[in-house]
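Taking numbering that gives the first Met the number 0, I'd label the letters of the sequence shown as residues 0 to 173.
Everything below concerns the one structure shown next.
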Amino acid sequence: MGSIDMIQKPHALCIPYPAQGHINPMLNLAKLLHHRGFHVTFVNTEYNHSRLLRSRGPSSLDGLPSFRFRTIPDGLPPSDVADATQDIPALCQSTSKFCLPYFRDLLERLNEESTTSGSPPVSCVVSDGVMSFTLDAAEAIGVPEVLFWTTSACGFMGYVQYRNLIDKGLTPLK
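And the structure:
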């Protein structure tokens with residue numbers, strides 16, 4: 000009976016932009032979804048995942064079988080400094096250019112594993128608003144996706160209205 004219950008659970012795959020101001024809000028949303036009965040796969044970049052394990056200990060992510068962590072590369076070369084702050088412009092360019100194939104492979108792998116692992120197949124993707132490459136991967140496997148904006152309402156409106164501000168000659172600020 001346990002496996003039937005597991006198959007009936009919705010499975011949300013949550014993927015934040017790989018920066019702390021994006022990871023924490025997405026992790027909070029993932030915890031809420033889990034509390035409401037979702038199976039959750041939380042996707043970090045390999046770099047951020049290793050930092051998390053170093054800071055909290057190797058068993059910090061163990062625990063709930065229906066809440067798991069997976070990783071994908073961010074496309075950047077490895078850093079010589081274990082806890083270096085990543086170059087945000089380079090990270091933006093790298094995630095949009097390189098992450099789609101890794102993310103698509105992860106989605107396919109999770110769904111293939113669902114037939115033998117007892118975990119349900121991915122039924123929806125919750126992605127950071129700036130990780131829009133995930134839309135293509137979700138569409139390819141036929142699951143809905145929600146873009147979650149982790150910024151403040153003011154930050155979101157600035158992002159949405161930026162083109163209008165440029166068109167009206169209001170930016171750059173003088």
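Idealized CB from N, CA, C, for every residue including glycine.
All figures in this text were calculated on a predicted structure; none of them were measured in a lab.
> Among the residues of its own chain, which have a CB less than 7 Å from the CB of Asn47, if the five just before and after it don't count?
Replying inline: In the sequence shown, residue 47 corresponds to position 48, counting from 1. Closer than 7 Å at Cβ, skipping near neighbours: Pro17, Ile22.
> So, is Leu106 buried or exposed, given that buried needs 16 or more other C-beta atoms within 10 angstroms?
Replying inline: Your numbering for residue 106 matches position 107 in the sequence shown. Buried is the call here.
>> Could you give the first and the last residue of the continuous alpha helix (DSSP H) run that contains Arg103?
In response: The sequence position of residue 103 within the sequence shown is 104, counting from 1. Residues 87 to 116.
> Straight-line CA distance for Gln19 to Thr44?
Replying inline: The residue given as residue 19 occupies position 20 in the sequence shown. The residue given as residue 44 occupies position 45 in the sequence shown. The straight-line gap separating the alpha-carbon atoms of Gln19 and Thr44 is approximately 12 Å.
> Cβ atoms of Ala29 and Val121: under 9 Å apart, would you say?
Replying inline: Against the sequence shown, residue 121 aligns to sequence position 122. Against the sequence shown, residue 29 aligns to sequence position 30. Their beta carbons are not under 9 Å apart, which means Val121 does not touch Ala29 by this criterion.
> Exposed or buried, what is Phe155 when buried is set at 16 or more other beta-carbons lying within 10 Å of its beta-carbon?
Replying inline: Within the sequence shown, the letter at position 156 stands for residue 155. Classification of Phe155: exposed, given that the 10 Å Cβ count is below 16.
>> Closest to Asp182 by C-alpha separation, out of Leu134, Thr114, Leu31, Trp148, would be which residue?
In response: With the chain running from 0 to 173 in the structure shown, residue 182 is simply not present.
> With contact counted as at least three CB pairs below 8 Å, one residue from each stretch, are the region 125 to 145 and the region 88 to 97 in contact?
Replying inline: By the Cβ criterion, the region 125 to 145 is in contact with the region 88 to 97, since at least three pairs of Cβ atoms, one from each stretch, lie closer than 8 Å.
> Secondary structure at Arg162, three-state DSSP: helix, strand or coil?
Replying inline: In the sequence shown, counting from the first residue as 1, residue 162 sits at position 163. Helix.
>> Can you list, in chain order, the residues of its chain with a C-beta nearer than 8 Å to that of Pro119? Leave out the 5 residues immediately preceding and following it.
In response: Position 120 of the sequence shown, counting from 1, holds the residue named residue 119. Met5, Ile6, Gln7, Lys8, Pro9, His10, His38, Ser113.
>> Please report the distance separating the alpha-carbon of Arg67 from that of Cys153.
In response: In the sequence shown, the residue the question calls residue 67 occupies position 68. In the sequence shown, the residue the question calls residue 153 occupies position 154. Using only the alpha carbons, I get a separation of about 32 Å.
> Just reading off the alpha helix (DSSP H) that Leu26 is part of, what are its end residues?
Replying inline: Taking the sequence shown and counting its residues from 1, one reaches residue 26 at position 27. Element bounds for Leu26: 19 to 34.
> In this structure, does DSSP put Ser49 in helix, strand or coil?
Replying inline: Indexing the sequence shown from 1 puts residue 49 at position 50. Helix, per DSSP.
> Which one of His34, Ile14, Thr115 has the shortest CA to CA distance from Arg69?
Replying inline: Looking up residue 69 in the sequence shown gives position 70. Ranking His34, Ile14, Thr115 by Cα distance to Arg69 puts Ile14 first.
> Going by the CB atoms, is the gap between Tyr101 and Ile140 shorter than 9 Å?
Replying inline: Numbered from 1 along the sequence shown, position 141 holds the residue referred to as residue 140. Numbered from 1 along the sequence shown, position 102 holds the residue referred to as residue 101. Taking 9 Å as the Cβ cut-off, Ile140 and Tyr101 do not qualify as a contacting pair.
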